[in-house]
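Right, one structure below, let's go through it.
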Amino acid sequence: MRDADLIPGDSNKASTSGGETFYPGPSRIHLAAFPPKERWDDWTELDSQAWPRRKERRYSLVPTTCFNCESACGLLAYIDKETNQVQKFEGNPENPGSRGRNCAKGPATLNQITDPDRILYPLKRAGKRGAGKWERVGWDEVLDTIAARIRKAIVEDRRDEIMYHVGRPGEDGFTERILAAWGVDGHNSHTNICSSGAREGYQLWMGLDRPSPDHANAKVIFLISAHLESGHYFNPHAQRVIDGKASGAKLIVFDTRLSNTATHADHFISPYPGSEAAILLSIANYLIQNSLYNREFVRRWWNWEEYLAQRSEFGDQRSDKQPRSGEMFIGTEPTNERDSNEIAEAINISRLRRSDSADFEEFEGILKEVYAEYTFEFAAKESGVEANALEEIAKVVATAGTRFSSHNWRSATSGISHGWSVARCLFMLNALLGAVATEGGVFPNAWNKFVPKPIHTPPHPKMWNEKTWPREFPLAMHEMSFLLPHFLKDGRGKLDTYFTRVYNPVWTNPDGFSWIEALTDENLVGCHVALTPVWNETSYFADYILPMGLGPERHDIHSYETHDAQWLGFRQPVMRAARQRNGEDVNDTREVNPGEVWEENEFWMELTWRIDRDGSLGIRQFVESRKNPGQRLGVDEYYGWIFENSVPGLPEKAAAENLTPLEFMRRYGSFEISRKVGAIYEEEVPAEELDDVAEDHFGRVFTRAAKPASPNVVPIPSPDGDADGRRLVGVKVDGEIKRGFPTPSGKLEFYSKTLADWGWHEYAIPTYIKSHVHPDNLEADQTILISTFRIPIQIHTRSANAKWLNEIAHTNPLWLHPKHAAKLGVRTGDLVRVETEIGYFVVKAWVTEGIKPGIVACSHHMGRWKVHENGQKQMMATVKLDHEGTQWGLERESGASPYESKDADTLRIWWNDVGVHQNLTFPVHPDPISGMHCWHQAVRVRKAESADSYGDIHVDTEKSREVYRKWLTMTRPADKYSPDQTRRPYWMLRPLKPAREFYKLPESTKPAPR
Ligand code: SF4
4 MRDADLIPGD SNKASTSGGE TFYPGPSRIH LAAFPPKERW DDWTELDSQA
54 WPRRKERRYS LVPTTCFNCE SACGLLAYID KETNQVQKFE GNPENPGSRG
104 RNCAKGPATL NQITDPDRIL YPLKRAGKRG AGKWERVGWD EVLDTIAARI
154 RKAIVEDRRD EIMYHVGRPG EDGFTERILA AWGVDGHNSH TNICSSGARE
204 GYQLWMGLDR PSPDHANAKV IFLISAHLES GHYFNPHAQR VIDGKASGAK
254 LIVFDTRLSN TATHADHFIS PYPGSEAAIL LSIANYLIQN SLYNREFVRR
304 WWNWEEYLAQ RSEFGDQRSD KQPRSGEMFI GTEPTNERDS NEIAEAINIS
354 RLRRSDSADF EEFEGILKEV YAEYTFEFAA KESGVEANAL EEIAKVVATA
404 GTRFSSHNWR SATSGISHGW SVARCLFMLN ALLGAVATEG GVFPNAWNKF
454 VPKPIHTPPH PKMWNEKTWP REFPLAMHEM SFLLPHFLKD GRGKLDTYFT
504 RVYNPVWTNP DGFSWIEALT DENLVGCHVA LTPVWNETSY FADYILPMGL
554 GPERHDIHSY ETHDAQWLGF RQPVMRAARQ RNGEDVNDTR EVNPGEVWEE
604 NEFWMELTWR IDRDGSLGIR QFVESRKNPG QRLGVDEYYG WIFENSVPGL
654 PEKAAAENLT PLEFMRRYGS FEISRKVGAI YEEEVPAEEL DDVAEDHFGR
704 VFTRAAKPAS PNVVPIPSPD GDADGRRLVG VKVDGEIKRG FPTPSGKLEF
754 YSKTLADWGW HEYAIPTYIK SHVHPDNLEA DQTILISTFR IPIQIHTRSA
804 NAKWLNEIAH TNPLWLHPKH AAKLGVRTGD LVRVETEIGY FVVKAWVTEG
854 IKPGIVACSH HMGRWKVHEN GQKQMMATVK LDHEGTQWGL ERESGASPYE
904 SKDADTLRIW WNDVGVHQNL TFPVHPDPIS GMHCWHQAVR VRKAESADSY
954 GDIHVDTEKS REVYRKWLTM TRPADKYSPD QTRRPYWMLR PLKPAREFYK
1004 LPESTKPAPR
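Using the working numbering, you'd call the opening residue of the sequence shown number 4 and step up by one each time.
As structure tokens, then:
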């Protein structure tokens, strides 16, 4: 390497050498890991398949991002200049999140674009819905038909009958804005079967709903769940966990299974599922009782004054009768002697007359008293882990100081009732240590994220959709999507036009047979449009199947909280970019995609245009070109405008290379806006934002100055202003007005007034709550099934069309401990029957010491099926579905086998087993606060019966209705508990927020005013 200069701002520590970028490989000295970006237009390398001949191949290297999981790691497409085909995908070293590295699924994108079974043309059903008969149809007919339906629904004010249901979006806000342009509150997501539990716990503390841990600089890394393989942002985070370990960080892992992550841990424990919060509070208690917490941070940044104020009125509302020490939450009403209205009212009063004697030492004394019961012995009893092992971990945590990074996404938070309390108790350790937005600590996600302002911003919809945001769940983090079939069956409305977008609820969600029942009833769902690159179990019950592009065939932008920085990634159709690089015009992505595969951006813009061709509905303007008024916006103008106007530093960087900002992003695929964002809460509010300020009793500062415009429109919670119309601008701490946190108090909320106000005062501070699978709530012959993990090679429904991945991982046996297996009399490979509340499934046993004795586990990404010939033949079993009334059965007819296709490898398929679809046998378990589906199942496991066959499934959907109704009784609905006659606290995040006036409950259902 000659004359090397470190390139500032390059997260891969690249340097320049001889005028070219050098991306160091593992040796860090000699070998380059990636081609220098200066040669991406014409890169030459030897053809590995021609070896030992030295045949050179020339490539154009075009960046995009992976679409398999939410991490959106950078990819580089190697486009062969001779064949004009993508030869392979490797990592993009310019992507600040993934830094050139990918998991196995990234390069396997190649399999997906060449998949012989993929859908290449729009299809319309030819027989009854679900009968498996399809005919090819043109895009024009599809667009005109769907646009006419939507226009009619809008004109007839049936806007709540239009719904868009998305899996992992992989983009930041494009489709929400399309729905807002239509004036429709029709966004529905998968989040309540995924991450709402964790989100609720984080939002309660810091206003923002995700952590952005700085693992690489941590002294102690604390992970709950198999984070390296199945947590969130697992490649970008996993590589930073390893960086942290390489620098000496200690890794603590909680997981009931011995996961890949656990094998890297310095301290690994396997707790009883659902006991995690008890352990976390015992660690918190250790820090508190021994004064090992960051006293100054707690004094400055916790809302302890607000807590003391309410406590002076009511004492410890958690105490005595609260469920943390025993009873299951089911069927509880507020148990304090005062009713919740009285409490909320009195708290409001107490806030206005805060006692002068309230001081921090008093709070510390109370903290010691309140958490004293969370001893290691108590946690040991709950978790089944020895007290001295827990104490050892607590001592390690205490050494971290402000370099304590932690993360908890699925796992416990998505497994158990009140799983949100696990994330809340985990973040309490950060809050005690002051490891918040510090080097090696945890940042609120929005501070490490950049969402650029788009060319058009439609207004908030003027409506509220009860099918997605029902009044029973006023504090839910996302839409109650997995209850949709039950809501439709309840008669809570119907759907005129329902889009599933790269989403497969029949297979992914619990209670899939109830989904089939709803989707096949045309009185409930008028028209189902499945937007999907591949066949899936839900698409079989569609009216239209529309082929959407894979990662290298579509545009999106995204920015994720992978570390303490803000960056933007650009997904693009690589063949379009390659042709444009050669000076060709491409105006429609269908020109370069296989068959008639389209991309969503162009599809939604064209559909929107056709809904309002003449502009009379006021919709068309939001997809209209600014350069050519009267014409539809195109993707080049859409992204060109964003990159020129909303991404600080990008135009200058592009100009330095003689490129437009769009050309720059097409060339490199990402841009780092800033790094080391730091502790925004400590920033002083500048004088120009302080106009006619007012301060309340808790130091919250309000201003009349308008909020400064920002090109970053990342969603941030919006706590209310004061009664005189000023907005909340910051919080006074030790005499200085600081930016604070986006919570109602402006501080980290140890005490959640929101929970207290909305009927959950017993959980107003971090608390352990026994879960629905606590031993107290199981019958003697029941155990727990964990279904919230996956292995790193596959991901839900998106990766089934990748042959390399399928060869490595294609089955999901039931993990059983040897002692448990001996008791049941089963060995590895034997069939076992797993009975849930609504049915059973038959699966093979895998006897392993990698699971806590008595608990069983089954990975959730296998068991794909098809009922007709259409489907991914490498990874889907052919099954027979039958039902009588509410009794449903699924029987496997055949597994995978070799078949002829344009890909010779399909004749080499050697596996037959593709796993078992366990989710069909799970009823819905909506958490009454977060709305999260609580995945852990109380099951009975026994040897299969002689008539049982592998993959057999039986379910009674009437039983699933009963379970749904039982869980609904646990809620505390807005129309009974709302403190202000609204449906939901306005400050809380909500994708696609309606206009504020639509938060009001309808007059007839309002609770009595307080
Ligand atoms: S699937 Fe793997 S490569 Fe693709 S975005 Fe996710 S972590 Fe990155």
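Every residue, glycine too, gets a C-beta built ideally from N, C-alpha and C.
Using 7 Å as the cut-off, classify the Cβ of residue 106 as near or not near the heavy atoms of the ligand SF4, replying yes or no. Taking the first residue of the sequence shown as 1, we reach residue 106 at position 103. Within the cutoff, so yes.
Write down the C-beta distance between residue 825 and residue 115 rounded to the nearest angstrom, noting that I regard them as a contact closer than 8 Å. One-based indexing of the sequence shown puts residue 825 at position 822. One-based indexing of the sequence shown puts residue 115 at position 112. Here residue 825 is actually not in contact with residue 115; their C-beta atoms are around 43 Å apart, not less than 8 Å.
What would DSSP say about residue 608, mapped onto helix, strand or coil? Position 605 of the sequence shown, counted from the first residue, corresponds to residue 608. Looking at residue 608 - three-state DSSP - the assignment turns out to be helix.
Can you confirm whether the segment 119-129 touches the segment 140-149 when touching is taken to mean that 3 or more C-beta pairs between the two stretches lie within less than 8 Å? Taking a cut-off of 8 Å on C-beta distances, the segment 140-149 touches the segment 119-129, as three or more cross pairs fall below it.
Sorry if obvious, but does the Cβ on residue 237 come closer than 7 Å to a heavy atom of the ligand SF4? Here residue 237 is taken as the residue at index 234 of the sequence shown, counted from 1. Relative to the ligand SF4, residue 237 has its C-beta within less than 7 Å of a heavy atom.
What residue range is occupied by the uninterrupted alpha helix (DSSP H) comprising residue 24? Position 21 of the sequence shown holds residue 24. If you look at residue 24, you'll find it isn't in any alpha helix (DSSP H); it sits in the beta strand (DSSP E) that goes 23-25.
Beta-carbon proximity list for residue 330, same chain, < 8 Å, skipping 5 on both sides: Locating residue 330 in the sequence shown gives position 327, where the first residue counts as 1. Per-residue confidence for residue 330 stands at a pLDDT of 39, beneath the threshold of 50, marking its modelled position as unreliable; the derived number appears in the next sentence. Around residue 330: 773, 779.
DSSP three-state assignment for residue 452, whether helix, strand or coil: Residue numbering aside, residue 452 sits at position 449 when the sequence shown is read from its first letter. Residue state, collapsed to three classes: coil.
Could you tell me whether any non-hydrogen atom of the ligand SF4 is closer than 7 Å to the CB of residue 904? Here the question's residue 904 lines up with position 901 in the sequence shown. Result no, Cβ not under 7 Å from the ligand SF4.
Fully enclosed by the segment 935-982, which beta strand (DSSP E) runs are 3 residues long or longer? Those beta strand (DSSP E) runs which fall completely within the segment 935-982 and span 3+ residues are 940-946, 956-959.
Let's see if you can read the secondary structure: which residues bound the beta strand (DSSP E) around residue 60? The count along the sequence shown starts at 1 and reaches residue 60 at position 57. Run containing residue 60: 59-68, per the beta strand (DSSP E) assignment.
Whole angstroms are fine: how far does the CA of residue 36 sit from the CA of residue 29? By 1-based counting over the sequence shown, the position of residue 29 is 26. By 1-based counting over the sequence shown, the position of residue 36 is 33. Taking the straight line joining both Cα atoms gives about 8 Å.
Looking at C-alpha atoms only, which residue of 550, 663, 155, 862 is the closest neighbour of residue 789? As a first step, residue 789 must be located in the sequence shown, where it is residue number 786. Cα-wise, what sits closest to residue 789 is 862.
Note the first and the last residue of the continuous alpha helix (DSSP H) segment covering residue 239. By one-based count along the sequence shown, residue 239 stands at place 236. Counted as a single uninterrupted DSSP element, the alpha helix (DSSP H) harbouring residue 239 occupies residues 237-249.
Please state the DSSP three-state secondary structure of residue 82. Residue mapping note: residue 82 aligns to position 79 of the sequence shown, counting from 1. Under the three-state reduction of DSSP output, residue 82 falls in the strand class.
If I measure Cβ to Cβ from residue 828 and keep anything under 8 Å in the same chain, skipping five residues before and after, which residues do I get? Along the sequence shown, one-based indexing puts residue 828 at 825. Setting aside the 5 residues that flank it on each side, residue 828 is surrounded in the same chain by 946, each with a C-beta closer than 8 Å to its C-beta; the list follows chain order.
At a cut of 8 Å, does the segment 379-389 reach the segment 271-288 through at least three beta carbon pairs? A contact exists between the segment 379-389 and the segment 271-288.
Note down, one range per segment and in chain order, each beta strand (DSSP E) of at least 3 residues found wholly within the segment 762-794. Listed in chain order, the beta strand (DSSP E) elements of length 3 or more contained wholly in the segment 762-794 are 786-789.
CA-to-CA distance, residue 888 to residue 218, given in whole angstroms: Looking up residue 218 in the sequence shown gives position 215. Looking up residue 888 in the sequence shown gives position 885. Going by the C-alpha atoms only, they are around 53 Å apart.
Under the three-state reduction of DSSP, which class applies to residue 13: helix, strand or coil? For the purposes of this step, residue 13 is taken as the residue at position 10 of the sequence shown. In this prediction, residue 13 has a pLDDT of 43, which is less than 50 and means its spatial position is unreliable; nothing more can be read from the coordinates.
For residue 728, does the count of other Cβ atoms within 10 angstroms reach 16, so buried, or fall short, so exposed? To locate residue 728, count along the sequence shown from 1; it is residue 725. Residue environment analysis places residue 728 among the exposed positions, since fewer than 16 neighbouring C-beta atoms fall within 10 angstroms of its C-beta.
For residue 882, collect the residues of the same chain with a Cβ closer than 8 Å to its Cβ; drop the 5 residues on either side in sequence, then sort them by chain order. Working through the sequence shown from its first residue, we reach residue 882 at position 879. Excluding sequence neighbours, residue 882 sits near 868, 869, 870, 893, 894, 895, 896, 954.
What separation, rounded to the nearest whole angstrom, lies between the Cα atoms of residue 710 and residue 454? By one-based count along the sequence shown, residue 710 stands at place 707. By one-based count along the sequence shown, residue 454 stands at place 451. Approximately 17 Å, taken between the alpha carbons.
Below 8 Å on the Cβ atoms is my guess for residue 766 versus residue 440; work out the distance and round it to an integer in Å. Position 763 of the sequence shown holds residue 766. Position 437 of the sequence shown holds residue 440. With 8 Å as the limit, residue 766 and residue 440 do not qualify as a contact, their Cβ atoms being about 26 Å apart.
Please confirm if the segment 642-650 is in contact with the segment 553-571, defined as three or more CB-CB distances below 8 Å between the two stretches. Judged by pairs of C-beta atoms under 8 Å, the segment 642-650 touches the segment 553-571, as three or more such pairs exist.
What would DSSP say about residue 391, mapped onto helix, strand or coil? What you label residue 391 is simply residue 388 of the sequence shown in a count that begins at 1. Residue 391 falls in the helix class under three-state DSSP.
Does the beta-carbon of residue 932, which I'm using as the reference point, lie nearer than 7 Å to any heavy atom of the ligand SF4? Numbered from 1 along the sequence shown, position 929 holds the residue referred to as residue 932. Incorrect: residue 932 has no Cβ contact closer than 7 Å to the ligand SF4.
Mark residue 671 as exposed unless 16 or more other C-beta atoms lie within 10 angstroms of its C-beta, in which case mark it buried. Sequence index remark: in the sequence shown, residue 671 carries index 668 (1-based). That one is buried.
Identify whether residue 734 lies in helix, strand or coil by the three-state DSSP scheme. Position 731 of the sequence shown, counted from the start, is the residue given in the question as residue 734. Looking at residue 734 - three-state DSSP - the assignment turns out to be strand.
Please list, in chain order, all residues of the same chain as residue 594 whose beta carbon is under 8 Å from its beta carbon, the five residues on each side excluded. For the purposes of this step, residue 594 is taken as the residue at position 591 of the sequence shown. Excluding residues within five positions, the ones whose Cβ falls inside 8 Å are 579.
According to DSSP, is residue 409 part of a helix, a strand, or is it coil? Counting from one through the sequence shown, the residue named residue 409 turns up at place 406. Residue state for residue 409 is assigned as strand, using DSSP reduced to three classes.
Simplified DSSP state of residue 296, which is helix, strand or coil: On the sequence shown, position 293 is the one that residue 296 refers to. Residue 296 carries a coil assignment under DSSP once its states are collapsed to helix, strand and coil.
Spatially closest choice to residue 195 from 481, 606, 421, by CA coordinates: Within the sequence shown, residue 195 is the residue found at index 192, counting from 1. Nearest option by C-alpha distance: 481.
Uninterrupted alpha helix (DSSP H) stretches inside the segment 579-657 (no shorter than 4 residues): The qualifying runs are 603-614, 638-648.
Under 8 Å by Cβ, that's how I've got residue 847 and residue 820 pegged, so tell me the actual separation to the nearest angstrom. For the purposes of this step, residue 847 is taken as residue 844 along the sequence shown, with counting starting at 1. For the purposes of this step, residue 820 is taken as residue 817 along the sequence shown, with counting starting at 1. Going by Cβ atoms, the distance from residue 847 to residue 820 rounds to 16 Å, so no, they are not a contact pair.
Measuring only from the beta carbon, is residue 937 closer than 7 Å to any heavy atom that is part of the ligand SF4? Numbered from its first residue, the sequence shown carries residue 937 at position 934. Relative to the ligand SF4, even the nearest heavy atom lies 7 Å or more away from the CB of residue 937.
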